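What follows is a short report on a single structure.
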Amino acid sequence: LSRCLQFNLRQMASATITEHLQKILQQEQIPFESSAIHLIARAANGSMRDALSLTDQAIAYGNQSVHEAEVRSMLGAIDQSYLYEIIDALLEQNGTALIEKAKQMDARSISFEAALNDLAALLHQIAIVQSIPNSLAQDLPERTALMTLADKISADTLQLYYQISILGRRDIGLAPDEYAGFTMTLLRMLAFTPSEKVTQEKSMTNAIPLTNTQTSNNSKADTTQASPVKKPQAPTAVEPVMHQATLENNIAVSAFDGNWRNLVENNLKLGLARALAQNCEMVNYDADSITLRVAEAQKHLASPNYQEKLSSAIHQHFGRKIKLHFEIDQEANTPAKQNAIEKATIQSNAETAILQDNFVQALMNDFGATIIPNSIKPVQ
Numbered sequence: 009l010s011r012c013l014q015f016n017l018r019q020m021a022s023a024t025i026t027e028h029l030q031k032i033l034q035q036e037q038i039p040f041e042s043s044a045i046h047l048i049a050r051a052a053n054g055s056m057r058d059a060l061s062l063t064d065q066a067i068a069y070g071n072q073s074v075h076e077a078e079v080r081s082m083l084g085a086i087d088q089s090y091l092y093e094i095i096d097a098l099l100e101q102n103g104t105a106l107i108e109k110a111k112q113m114d115a116r117s118i119s120f121e122a123a124l125n126d127l128a129a130l131l132h133q134i135a136i137v138q139s140i141p142n143s144l145a146q147d148l149p150e151r152t153a154l155m156t157l158a159d160k161i162s163a164d165t166l167q168l169y170y171q172i173s174i175l176g177r178r179d180i181g182l183a184p185d186e187y188a189g190f191t192m193t194l195l196r197m198l199a200f201t202p203s204e205k206v207t208q209e210k211s212m213t214n215a216i217p218l219t220n221t222q223t224s225n226n227s228k229a230d231t232t233q234a235s236p237v238k239k240p241q242a243p244t245a246v247e248p249v250m251h252q253a254t255l256e257n258n259i260a261v262s263a264f265d266g267n268w269r270n271l272v273e274n275n276l277k278l279g280l281a282r283a284l285a286q287n288c289e290m291v292n293y294d295a296d297s298i299t300l301r302v303a304e305a306q307k308h309l310a311s312p313n314y315q316e317k318l319s320s321a322i323h324q325h326f327g328r329k330i331k332l333h334f335e336i337d338q339e340a341n342t343p344a345k346q347n348a349i350e351k352a353t354i355q356s357n358a359e360t361a362i363l364q365d366n367f368v369q370a371l372m373n374d375f376g377a378t379i380i381p382n383s384i385k386p387v388q
């Protein structure tokens, strides 16, 4: 009769499994490490039966005790210290340390596919910590390390690492070997890691034209003060305040000429927000804000997440916070639409040039030749 019964049981939360296993081991007076119990709970994948079975194996494997090292060896789990050191090396832009860490893992015959899976899981935990700092259990062994990494890594960089890690795990079977696939995934993360130094230098570079513009507007007064004959007078307290106020009020005018398409395609570091920026038409802008229009068909791109990313890219480019306003309309003359029109025009001109070519016309007239549809490609 029991073989005819079928139960669809929901997966149990890892925290619930951990709590139950700890209670059992305490009652049985079996020594254990909390980190080892967390490993077993994650490996059970929501099944209490599997968790109890793994715990029995761990007790036998560890000689009547449950320790992290033995459990990791039994499960073939990755030592988390490798993953923490990899993330630190990425943030420090240390490619040598990344390759050295991969070699150490290779020497210990660690599965690189499992390493990428654990790396993605670790990045997910860090993302949860950033969004909900109090979500971690107080007794979680990795709590301190996770909180530290959550403070060190930006949300955008974290999402980028997560995406690269899961794609790297998917493609590792296509690599020459697992080591090559793993190291190429790490190098891809390294290549796309934003550099704080570069960001600061770009902000300073963008600020230079603003200072020069303001200086040129007051060149006559500055020349008078800089005269070698007269001793320069001490600047009054009002002058720098007026200068700074004027600088802030005119930042958009002096640093942005109103060409939204050029700004999007050549100047902004957009990343995941590129699709939204390409499908926006700039309606208006001033010193403190930019108003963008999104077509009704593309309004799904204007999610709060992508609005935040676009705002961050504009902030990084201009070196100050500029508020973005979005409005939805039936149509919008966006960079994406302009690119599509230009591409269609180039394609039409190429097809016309081929059809009007004397040699092509002779082939069509003399031999009944026809042009295969969509076979004409413009010369780049």
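Sequential numbering of the sequence shown, starting at 9, is according to the working numbering.
Each residue gets a CB set at the ideal place from its N, CA and C atoms; glycine is no exception.
This structure is a prediction, so every number in the text was calculated from the model and none was measured.
Residue j beta carbon less than 8 angstroms from that of residue i
{"i": "Leu127", "j": "Leu83", "result": "no"}
{"i": "Thr24", "j": "Ile48", "result": "no"}
{"i": "Ala115", "j": "Leu166", "result": "no"}
{"i": "Phe40", "j": "Ser73", "result": "yes"}
{"i": "Ala44", "j": "Ala52", "result": "no"}
{"i": "Phe120", "j": "Ile180", "result": "yes"}
{"i": "Phe190", "j": "Ala123", "result": "yes"}
{"i": "Gln286", "j": "Thr342", "result": "yes"}
{"i": "His8", "j": "Leu276", "result": "Given a span of 9 to 388 for the chain in the structure shown, any question on residue 8 remains unanswerable."}
{"i": "Met197", "j": "Ile172", "result": "yes"}
{"i": "His323", "j": "Lys331", "result": "no"}
Close-in-space but distant-in-sequence residues of the same chain around residue i (CB under 7 angstroms, 5 per side omitted)
{"i": "Leu144", "result": "Val137, Arg151 and Leu154"}
{"i": "Ile336", "result": "Val302, Glu304 and Lys307"}
{"i": "Gly70", "result": "Glu78"}
Neighbourhood of residue i by C-beta distance below 6 angstroms, restricted to the same chain and skipping five residues each side
{"i": "Glu27", "result": "none"}
Rounded C-alpha distance that separates residue i from residue j
{"i": "Asn347", "j": "Asn357", "result": "15 angstroms"}
{"i": "Tyr187", "j": "Asp87", "result": "17 angstroms"}
{"i": "Phe375", "j": "Tyr293", "result": "60 angstroms"}
{"i": "Ala295", "j": "Asp164", "result": "26 angstroms"}
{"i": "Gly327", "j": "Ala361", "result": "47 angstroms"}
{"i": "Arg18", "j": "Gln30", "result": "21 angstroms"}
{"i": "Asn142", "j": "Ser22", "result": "17 angstroms"}
{"i": "Asn102", "j": "Leu195", "result": "10 angstroms"}
{"i": "Glu76", "j": "Asn274", "result": "51 angstroms"}
{"i": "Ile38", "j": "Ala183", "result": "44 angstroms"}
{"i": "Asp185", "j": "Ser117", "result": "13 angstroms"}
{"i": "Asp365", "j": "Glu350", "result": "23 angstroms"}
{"i": "Arg419", "j": "Gln338", "result": "Because the chain spans 9 through 388 in this model, residue 419 falls outside it and cannot be assessed."}
{"i": "Lys345", "j": "Ser311", "result": "20 angstroms"}
{"i": "Gln65", "j": "Arg50", "result": "15 angstroms"}
{"i": "Leu106", "j": "Asn125", "result": "17 angstroms"}
{"i": "Leu271", "j": "Ser61", "result": "59 angstroms"}
{"i": "Ala283", "j": "Asn382", "result": "26 angstroms"}
{"i": "Ala340", "j": "Ser42", "result": "57 angstroms"}
{"i": "Val291", "j": "Gln369", "result": "47 angstroms"}
{"i": "Leu300", "j": "Glu289", "result": "5 angstroms"}
{"i": "Leu309", "j": "Leu363", "result": "40 angstroms"}
Candidates the options, of which the one nearest residue i by Cα
{"i": "Lys385", "options": "Gln355, Gln364, Gln369 and Ala377", "result": "Gln355"}
{"i": "Ile380", "options": "Asp114, Glu359 and Pro141", "result": "Glu359"}
{"i": "Leu405", "options": "Asp294, Ser320 and Thr193", "result": "Past the edges of the chain, shown from 9 to 388, lies residue 405, and the structure says nothing about it."}
{"i": "Leu131", "options": "Leu157, Lys109 and Gly376", "result": "Leu157"}
{"i": "His46", "options": "Glu36, Val79, Asn16 and Gln34", "result": "Val79"}
{"i": "Ala129", "options": "Tyr170, Thr104, Met113 and Ile161", "result": "Tyr170"}
{"i": "Ile161", "options": "Gln133, Asn313, Met290 and Leu318", "result": "Gln133"}
{"i": "Glu36", "options": "Gly54, Ile67 and Leu363", "result": "Ile67"}
{"i": "Ala85", "options": "Met290, Met113 and Met372", "result": "Met113"}
Cβ neighbours of residue i in the same chain (closer than 8 angstroms, five flanking residues each side left out)
{"i": "Lys109", "result": "Tyr90, Glu93, Ile94 and Ala97"}
{"i": "Ser55", "result": "Gln19 and Met20"}
Residue i Cβ short of 7 angstroms to the ligand COA heavy atom set
{"i": "Glu78", "result": "The ligand COA is not part of this structure, which contains no ligands at all."}
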